[in-house]
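A.B. asks: Mind looking over this structure? Questions follow.
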Amino acid sequence: MRTLKSLLTLVGICLLFGCESGNNTNKENLNSKAETPRENSGQVFELLPPNQTGINFVNELIETEDVNFFKFQYLYNGGGVGIGDINNDGLADVYFTGTIDDDKLYLNQGDMKFKDITASAGILQNEGVKTGISMVDINADGLLDIYVCRSGWSENAEERANLLYINQGNNTFKEQAKAFGLAETGHSVQAGFFDYDKDGDLDCYIANHGLFRIPFDEWDKLTENPPARFSDRFYRNNGDNTFTDVSEEAGIVNFGHGLGLAISDFNKDGYPDVYVANDFRANDYYYINNGDGTFAERSKSLTSHVSYFSMGTDAADINNDGLTDIFVVEMLAEDNKRQKTNMASMNPDRFWDLVKRGFHYQFMRNTLQLNIGGGSFSEIAYLSGLTNTDWSWAPLFADFDHDGKKDLAVTNGYLRDTQDKDYNKKANEIIEKNGLPSFLTLSSMMKSTRLSNYVFKNEGDYRFSDKSEDWGFNFAGYSNGMAYGDLDNDGDIDLIVNNFNDPASVYKNTVSDRNLGHYLKVQLEGPAANTKGLGAKLNLKTLKGEQYQEFWVARGFQSSCDQVVHFGIEEGDEISSLTVTWLDGKEETINKVEYDQTLKVSYSNSILIAKKEEKNNPPFFNMLRSKKGSFFVHKENEYDDYEKEILLPHKQSMHGPKIAVGDVNNDGLEDFYIGGAAGQAGMLVVQLANKQFGSSSAAIFAEDAAHEDLGACFVDLDNDGDQDLYVVSGGNEFDENSELLQDRIYVNNGQGIYLKAINALPKMLSSGGTVVANDFDNDSDQDLFVGGRITPGKYPFAPRSYLLRNNNGRFEDVTDEIAPELKNPGLISSAIWSDFSGDGIKDLIVVGEWTGILMYKNENGKLVNVSKENGMESETGWWNKIEVADIDQDGDLDYILGNLGLNYKYKASKEEPFEVYAHDFDKNGTIDIVLGYYNDGTVFPVRGRQCSSEQMPMIAEKFKTYEEFGNADLRDVYGDMLDEALHLEANNFSSSIMINNGDGSFKLKALPTKAQFAPINGIITSDFNFDGNVDLLLAGNLFQAEVETGRADAGRGLLLIGNGEGEFEEVSIQDSGFLAYLDAKDIAMLSTGPGNGRIILVGNNNSSLQIFWETLARN
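The sequence shown maps to residues 3 to 1117 in the working numbering.
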């Protein structure tokens, strides 16, 4: 979150301002494969009026010259909500923090009616800015106490000291923070209580924030040596109602702006860990509990990227796999206009400067971190449909509709549009002319836009759908903290929201009233020093699956949820058992539990069960590691694609390395060639015995190190019985007709020694991407297809591709003769010779970026395009790879196609394709790129006014304001010039299988959802579990996306086990042992001789080659 740009500029802060882009994540375009859920129509939530509930709390904020946003930048963050039973009468009571207004405490009197007991309860009205609330039995007397965080601009530490209200047992409280040692005087936002050292009592983590408007150099100093006042703090419970600050000892020393706090045993080692969502420059902190009283910050090693302006967070198991996932909200708007006018922008130079300074990759959108085991995560918010909920604060996961899956509610809103670009521009002009004006002058120029809250239904299969309108959770205003609990004890989850300048929203859940599904509520009776059982783990087994929850109450944003664990149970399901595991390892299993009840589970009934050592099957693969490191590290040359092509969607200069496999010395062991980047020689690696490797012909390849290798294949080109090598040259960094784009042939002397062939190829100054060999003219030698990947500097214009006829080892370009359409088929990334027509003659299939699946039938040596007849020409995507196998065991050939995937900013469908136009729109002699996306049924430019006008200055002249540009669709901006432009569309980004129906027709079918988490660049087809069916091994990522889009980095490698009927089962990383987490551009498999496990190679851009050994454990 950021303040007024002009004011920040005045005091020297540099945030990531730059060119902005649209976001084409549509609520409707979920591409969900989940089964259609049972009918659950109707409004889930009923917003109850204050005169019915008695809750008339309003977090009122009236700004003045002395109290305003510019005085304290977090003034608009709002207050929190606490829900808990303070008097043990079985009814959940409610506490609100008022930002600068009075806090309020309401006693639940039943039937959703509440009584204000603030004054009689002894809740003091203190100075400072009140923020987060935690309700916890801190002194273990069986009564909930209340801990309130404070912040603000006051230099008086007493006005920032946190408050601890100790429950006196008669609906009154006594403030005793100092006595307990918890009167923290930093700028606190939220506190989380948990037993970090497993000594039985509750310790305390407090998320604090630092100053605002800090220059980069000063920020670096504060990061290196953070003052205690601005660092998060950690307090150890001494067991005698006092706490000791052990922050330094525990390793909690940092400088950030913590707004969200989530606690869970993320890596399932038995110790609670901590996730802190940080606003501004500091990346989120992910503290792994080492189990020895210390924490290790592991965000960069266990996540691939995080949100930039992180706000609230919640942690829950969203996919019922027994692992806790993390969701963090940010500020990305859903509608095009707010994206273009009111949202933060990314400056690439500053983005990379932050990375170089040691910060994580941070992107301006919500993130959903899916736990893949070991506390490591893949980020899948784009796929899940959860990336943009505007200026959001509190996310909460709970099963609101009782179908056994956790849904998501999100609060939204910001009191003033401080980020409105037109306002900032106008304010700058005033400041430059007249100096700094009064707050009232500036505030009168600001808009104040009410924003609606969100609720998303968990549809399964990692997808969520927006049900805000349908479910009645669509209040529009300025909502901040939120908490849940069963306020009327009817079994479903109700919600309370803290709003600025509006009454708090009290939502009654109507699911139980309408007899939809079932529930189980679990009230924990914990050990002596942790009476509510915080940190307990609950596993619910039902006939339809399992659910997992950990019991924590500090959730969302500045809020504390009820002290009862809630499970929703789908209609028709039954509970088999409930297992509660306490923090010390003791557990209790209760069988045949009835639903629709509140079940009390006591620690006193649990026992310590000796865990049987689980005998897990060995993994399919083990990674080979060398103490000396990798013998090949791909080293990408420095080149800025965006300098010439500002609006390029992703870099075109980083497509390698590619791998070719062949037995170069005829010893029965397969060897490989891996290509180098420009300035780096490729390497021919010869396989030796016992998993050892050597190299060959290094000097020959070093002579061509200036080339960029983007494709290769081993093939006998001179018919002498050995494997020669063809290497494709490419890259975006060279001039269009550079000699360095010429491909090369290296001839094998029969012993694995190579010499470069001279004049074997025609002049081919095209930036290539793939090569495949086949005797297409049936004259007993190997001919070639070479696919052109890009035209340097002229994206997305198609380069030359080539059909090369082999004439006794010399090659002739016969494209015009054999298949004229193949001269410029598109941006070709992969091709395969395969008999798709079933006539015994190999045909050609070609795929690429913005292309369909192009199928060329070999008819008497001519290649005829039959894509349209086969229905594949119109399946346009960003295809990366194609492989062949008989997937369904019906005797014909099917195909596996790697695509962009569905976990990306850009979305595509037949109805709403993703589009690109290329033309000299501003008549300056250079090609301009325009990307178009659908938002609410209309095509808009992806990139914003600032970025677009950097490439085409006429846009800033045509649209004087950001609002004018935000209201303009693509044709409004570019007019009839679009009709003159090159226009391409993509309508399918799913990685897929293409099933051969055996009658000349094909059916395209998306691969399982995990295969859509990231682009697929490498595919291996084989039978890895030796059941006679084809399995798939996949890998890929796309780290080269421009920074506003963000890296596609959720790929971890994936093994899919086939059933022989065209269906595949996903194998976990733990079972597969295959972890390809880098920027994988290719994978290959080597035979190591009869009876031995095979070797898997992963070629990673700008990183080390990974090598995996097949264990044969599943044989």
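Note that CB positions come from ideal geometry on N, CA and C, so glycine has one too.
If you're wondering where the values come from, they're calculated on a predicted model, not measured in any experiment.
Span of the alpha helix (DSSP H) holding Q968?
C.D. replies: For the sequence presented, residue 968 should be read as Gly rather than Gln. Residues 964-969.
A.B. asks: According to DSSP, is D845 helix, strand or coil?
C.D. replies: D845 falls in the strand class under three-state DSSP.
A.B. asks: I need the DSSP call for N158, collapsed to helix, strand or coil.
C.D. replies: Coil, per DSSP.
A.B. asks: Looking only at its own chain, which residues have a Cβ that is under 6 Å from the Cβ of L757, when we skip the five neighbours before and after it?
C.D. replies: Excluding positions up to five away in sequence, the list reads V749.
A.B. asks: Do you know offhand how far Q565's Cα is from K534's?
C.D. replies: Straight-line Cα distance between these residues: approximately 7 Å.
A.B. asks: Ordered along the chain, which non-local residues of its own chain (more than five positions away) have a Cβ less than 7 Å from that of E589?
C.D. replies: Excluding residues within five positions, the ones whose Cβ falls inside 7 Å are T581, V582, T583, S608, I611.
A.B. asks: Determine whether the beta carbon atoms of M448 and D419 lie at a separation below 8 Å.
C.D. replies: Taking 8 Å as the Cβ cut-off, M448 and D419 qualify as a contacting pair.
A.B. asks: Taking the runs of the alpha helix (DSSP H) that are 4 residues or longer, which of them lie wholly in the segment 456-533?
C.D. replies: As far as the segment 456-533 is concerned, its whole alpha helix (DSSP H) runs of at least 4 residues are 470-473.
A.B. asks: Taking its Cβ as the centre, do 16 or more other Cβ atoms sit within 10 Å of S768, making it buried, or is it exposed?
C.D. replies: Buried, since its Cβ has 16 or more Cβ neighbours within 10 Å.
A.B. asks: Quick one: which unbroken beta strand (DSSP E) runs of 3-plus residues sit fully inside the segment 99-162? Chain order, please.
C.D. replies: You should have 106-110, 116-118, 131-138, 147-153.
A.B. asks: Under 8 Å, with one C-beta from each stretch per pair, do the segment 337-348 and the segment 952-969 reach the 3-pair mark?
C.D. replies: Touching, per the Cβ criterion.
A.B. asks: Measuring straight from C-alpha to C-alpha, what distance separates E1126 and I995?
C.D. replies: The question about residue 1126 has no answer here: the residues shown for the chain are numbered 3 through 1117.
A.B. asks: For W852, count neighbouring C-beta atoms within 10 Å of its own C-beta (all shown protein chains included) and say buried if the count is 16 or more, exposed if not.
C.D. replies: When all chains shown are included, W852 counts as buried.
A.B. asks: May I ask you to verify whether the segment 347-358 touches the segment 272-282, counting CB pairs closer than 8 Å and requiring at least 3?
C.D. replies: The segment 347-358 is not in contact with the segment 272-282.
A.B. asks: Hey, how far is the Cα of N368 from the Cα of K912?
C.D. replies: Taking the straight line joining both Cα atoms gives about 27 Å.
A.B. asks: How many angstroms separate the CA atom of M979 from the CA atom of H921?
C.D. replies: Spanning the two alpha carbons is a distance of roughly 8 Å.
A.B. asks: Mind checking who I1022 pairs with in its DSSP beta bridge?
C.D. replies: L1035, per the DSSP bridge assignment.
A.B. asks: Quick check on A707 - is its C-beta less than 8 Å from some C-beta in chain D?
C.D. replies: Absent here is chain D; the protein component of the structure consists of one chain.
A.B. asks: In chain order, what residues of the same chain have a beta carbon less than 6 Å from the beta carbon of A383, not counting five sequence neighbours either side?
C.D. replies: Counting only Cβ-Cβ distances below 6 Å, and skipping sequence neighbours, we find N368, T369, L370, T389.
A.B. asks: For T66 and C151, what's the separation of their Cα atoms in angstroms?
C.D. replies: Roughly 24 Å between the two C-alpha positions.
A.B. asks: According to DSSP, simplified to helix, strand and coil, what is F931?
C.D. replies: At residue 931 the sequence reads Ile, which differs from the Phe that was named. In this structure, I931 counts as strand in the three-state DSSP scheme.
A.B. asks: Going by the CB atoms, is the gap between F195 and L536 shorter than 8 Å?
C.D. replies: Cβ atoms of L536 and F195: closer than 8 Å.
A.B. asks: Assuming E48 is part of the beta strand (DSSP E), what are its boundary residues?
C.D. replies: Looking at the DSSP string, the run of the beta strand (DSSP E) that includes E48 is 47-50.
A.B. asks: Helix, strand or coil for F778? Go by DSSP, reduced to three states.
C.D. replies: If DSSP states are grouped into helix, strand and coil, F778 belongs with coil.
A.B. asks: Which residues in the same chain have their Cβ closer than 6 Å to the Cβ of P620, if we skip the five residues on either side of it in sequence?
C.D. replies: Counting only Cβ-Cβ distances below 6 Å, and skipping sequence neighbours, we find T1113, A1115.
A.B. asks: If you drop the 5 nearest sequence neighbours on each side, which residues of the same chain put their C-beta closer than 7 Å to that of A159?
C.D. replies: Excluding sequence neighbours, A159 sits near T187.
A.B. asks: Going by Cα to Cα distance, which pick from I929, T1023, A411, A1037 is closest to N882?
C.D. replies: With distances taken between Cα atoms, N882 lies closest to A1037.
A.B. asks: How many angstroms separate the CA atom of E226 from the CA atom of W155?
C.D. replies: So the two alpha carbons sit approximately 24 Å from each other.
A.B. asks: So what's M979 in DSSP terms, helix, strand or just coil?
C.D. replies: Helix, per DSSP.
A.B. asks: Looking at the secondary structure, which residues open and close the alpha helix (DSSP H) in which M447 lies?
C.D. replies: Looking at the DSSP string, the run of the alpha helix (DSSP H) that includes M447 is 441-447.
A.B. asks: So does the segment 465-483 actually touch the segment 76-96, counting three or more Cβ pairs closer than 8 Å?
C.D. replies: Result yes; three or more Cβ-Cβ pairs closer than 8 Å.
A.B. asks: What residue ranges within the segment 888-955 form continuous beta strand (DSSP E) runs of no fewer than 3 residues, ordered along the chain?
C.D. replies: Correct list: 896-900, 916-921, 930-937, 940-943.
A.B. asks: Tell me the rounded alpha-carbon separation between T600 and G84.
C.D. replies: C-alpha separation (whole angstroms): 21 Å.
A.B. asks: On the CB-based measure, 16 or more other CB atoms within 10 Å of its CB, does T27 come out buried or exposed?
C.D. replies: Residue confidence for T27 is low, a pLDDT of 40 falling below 50, so the modelled location carries little weight and cannot support an answer.
A.B. asks: In chain order, what residues of the same chain have a beta carbon less than 6 Å from the beta carbon of E572, not counting five sequence neighbours either side?
C.D. replies: So the qualifying residues of the chain are D405, G406, G519.
A.B. asks: From R945 to N734, what distance separates their C-alpha atoms?
C.D. replies: Those two C-alpha atoms are separated by around 22 Å.
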